[in-house]
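The block underneath contains the structure these notes are about, expressed in structure tokens.
Numbering (the numbering used here), first residue to last: 409 to 524.
Below, the structure is given as structure tokens:
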């Protein structure tokens with residue numbers, strides 16, 4: 409998975425039949441179950457039905473979906489080493505996308521905020 413278009417083509421196989429991608433961001437995914445050494449290039453995908461984080465590395469896929477109604481908050485932060493970040497908060501956990509290579513960060517965050 410080299411870029412956002414590669415990631416989008418891979419993530420479509422994990423979506424429901426009537427699910428459509430509305431916004432996406434490509435960067436480095438930090439999920440709560442991943443240690444600092446397991447940060448992976450991946451995608452934050454906002455669909456018409458839910459939000460998901462997707463990664464693929466060495467043939468192993470990770471698809472972590474979240475219903476919009478279960479998300480407590482989503483925000484942007486600036487990290488001194490990783491640049492702009494999108495932080496999704498749910499049940500006291502934070503899921504982070506950093507080192508974002510996409511230009512539409514604020515459009516994506518606004519879309520998610522409207523859904524939650």
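Glycine included, each C-beta is placed from N, C-alpha and C at the ideal position. Remember, it's a predicted structure, so these values are computed and weren't measured experimentally.
Cα-Cα, which of 487, 463, 478, 494 is closest to residue 512? Against the chain shown, residue 512 aligns to sequence position 104. If we check each option's Cα against that of residue 512, 494 comes out closest.
When DSSP labels each residue in this structure, what does residue 466 get in the three-state scheme? For this step, residue 466 is matched to residue 58 along the chain shown. Residue state, collapsed to three classes: coil.
If distances are taken between C-alpha atoms only, which option among 477, 418, 468 comes closest to residue 432? Within the chain shown, residue 432 is the residue found at index 24, counting from 1. Here the closest residue by C-alpha is 418.
Between the Cα of residue 422 and those of 449, 470, 521, 501, spot the shortest distance and give me the residue it belongs to. Numbered from its first residue, the chain shown carries residue 422 at position 14. Looking at the Cα atoms, 470 is the closest of the given residues.
Can you tell me whether residue 446 is helix, strand or coil according to DSSP? Here residue 446 refers to the residue found at position 38 of the chain shown. Residue 446 falls in the helix class under three-state DSSP.
Burial state of residue 438 (16 or more Cβ within 10 Å): What you label residue 438 is simply residue 30 of the chain shown in a count that begins at 1. Its Cβ being crowded by 16 or more others within 10 Å, residue 438 is buried.
Can you give me the start and stop residues for the beta strand (DSSP E) that residue 504 sits inside? Locating residue 504 in the chain shown gives position 96, where the first residue counts as 1. 501 to 506 is the extent of the beta strand (DSSP E) around residue 504.
Cβ pair residue 369, residue 455 closer than 9 Å: Any question about residue 369 goes unanswered here, given that the chain covers just 409 to 524.
Collapsed DSSP secondary structure at residue 459 in the structure displayed: By one-based count along the chain shown, residue 459 stands at place 51. Here residue 459 sits in strand by DSSP.
Where do the N-terminal and C-terminal ends of the beta strand (DSSP E) with residue 433 fall, by residue? Taking the first residue of the chain shown as position 1, residue 433 is located at position 25. Segment 429 to 438, the beta strand (DSSP E) holding residue 433.
Can you give the Cα-Cα distance for residue 476 and residue 464, rounded to whole angstroms? The residue given as residue 476 occupies position 68 in the chain shown. The residue given as residue 464 occupies position 56 in the chain shown. Whole-angstrom Cα-Cα distance: 23 Å.
Going by other Cβ atoms of all chains shown within 10 Å of its Cβ, with 16 needed for buried, is residue 489 buried or exposed? Walking along the chain shown from the start, residue 489 turns up at place 81. Exposed, by the Cβ-count rule.
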